[in-house]
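K.L.:
Quick one: this structure, given as structure tokens, is what I'll be asking you about.
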């Protein structure tokens, strides 16, 4: 088992082995059944926060989170972020508590990560939009679009526009499938970026991140679909926002290491 794989196993063992999770999810479902959705949602959001905090404490990392002027309330938006590896997921499900907005309702769009890590649907009451698996002979894009629009009626959806784990700190070109749905149906984008997660790997080019011990999770800005006359401009703006913020964070990482 490689170093990164070890940390992924450790991360996803926390919700399985810590007794707080089965107890919390049991109460969450009881509240859900009795129509106390607000308290059910709060429990789920707290569990996400506890998950991220536990993992960071165990691995000696700290989080530099910047909400900026992002308003987490409301729905019918896509929250997008770069995707280096599976260790970012606890940050995403803990986002409501990070923003101190405990009642925020989020869903998650993903493919194989949902099948591998069953805790994610459990913690979000299966309000998951499962990505079309492109290896299928006849992918059902119509049902996928319907699922996306249905979920957006009650919450926002977090997704990775790169379409896969990249295992690099470099932001890759966005896949256009889901983004085209966003543009066609006038869905606004809230853009986030993470930096530093490849510090959990043993690759020599990321040894400086191992030393920094800081993970960055920052809001980059929002994009209103109505402001862009073409899909290409809409997509390019999202990529530019994310890459510019990532460059700023990488400079911050290097400065921090030099100071230490």
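Residue numbers (UniProt numbering): 1 to 260. C-beta atoms are modelled at their ideal positions from N, C-alpha and C, and glycine is treated no differently.
(1) Using alpha carbons as the reference points, say which of 206, 27, 244, 230 lies closest to residue 254.
(2) Using the Cα positions of residue 231 and residue 180, report the straight-line distance between them to the nearest angstrom.
(3) Sort 169, 39, 224 by Cα distance to residue 208 and report the nearest one.
(4) Output the residue ranges of the alpha helix (DSSP H) runs that lie fully inside the segment 139-210 and measure 4 residues or longer, sorted by chain position.
(5) Looking at residue 9: is its Cβ nearer than 7 Å to the Cβ of residue 86?
(6) Please report the Cβ distance between residue 289 and residue 4, rounded to the nearest whole angstrom; I am assuming they are in contact, meaning their Cβ atoms lie under 8 Å.
(7) With the cut-off set at 7 Å, would you say residue 155 and residue 106 are in Cβ contact?
(8) Rounded to a whole number of angstroms, what is the C-alpha to C-alpha distance between residue 21 and residue 34?
(9) Short of 6 Å in beta carbon distance, which residues of its chain neighbour residue 61, apart from the five on each side in sequence? Order them along the chain.
(10) Once you ignore the five residues that flank residue 250 on each side, which residues in its own chain have a CB closer than 7 Å to its CB?
(11) For residue 6, which of helix, strand or coil comes out of DSSP?
(12) Quick check on DSSP: helix, strand or coil for residue 103?
P.N.:
Put simply:
(1) 206
(2) 7 Å
(3) 169
(4) 141-151, 177-184
(5) no
(6) Outside the modelled stretch of the chain, which goes from 1 to 260, sits residue 289, for which no answer is possible.
(7) yes
(8) 20 Å
(9) 213, 215
(10) 195
(11) helix
(12) coil
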